[in-house]
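To start, the structure under review is shown below, and the notes come after it.
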Amino acid sequence: MTGSSERKLSDLELRRLRVDQQFGVGAFDEAMKKMRPHRCNAHLEDFFDSVVSMDRVWEGFSLFVKCMGSQKGQEPSRIQRAASTSSS
Numbered sequence: 008m009t010g011s012s013e014r015k016l017s018d019l020e021l022r023r024l025r026v027d028q029q030f031g032v033g034a035f036d037e038a039m040k041k042m043r044p045h046r047c048n049a050h051l052e053d054f055f056d057s058v059v060s061m062d063r064v065w066e067g068f069s070l071f072v073k074c075m076g077s078q079k080g081q082e083p084s085r086i087q088r089a090a091s092t093s094s095s
């Protein structure tokens, strides 16, 4: 039956289906358990936070780019946020 009851699979569902077909049922779930965030993920989050708050945007971007270009274990330090950011 090809009616409106059929739905289009999301990209993630298609990926899961393809991986499970190629490597066996459950292969996608096993791979997802082993995934870790990128070593510069925290720097990227700092950059996004700085964009949202419009505070130290260039510094956040600069540190993220430096992190991406650095060797593992040589990442720059993250943005130091002030305890209270009340400036009038």
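Each step along the sequence shown adds one to the number in the working numbering, with nothing skipped, and position 13 is 20.
Even for Gly, the Cβ is constructed at its ideal location relative to N, Cα and C.
query, result
"Rounded to whole angstroms, what is the Cα-Cα separation between residue 30 and residue 47?", "30 Å"
"CB-CB under 7 Å to residue 77, same chain, minus the five flanking residues each way: which ones, in chain order?", "83"
"Report the residue from 61, 54, 87 whose alpha carbon sits nearest the alpha carbon of residue 75.", "54"
"Once you ignore the five residues that flank residue 33 on each side, which residues in its own chain have a CB closer than 8 Å to its CB?", "27"
"Return helix, strand or coil for residue 14, following the three-state DSSP convention.", "coil"
"Hey, quick one: how far does the alpha helix (DSSP H) through residue 56 stretch, first residue to last?", "48–60"
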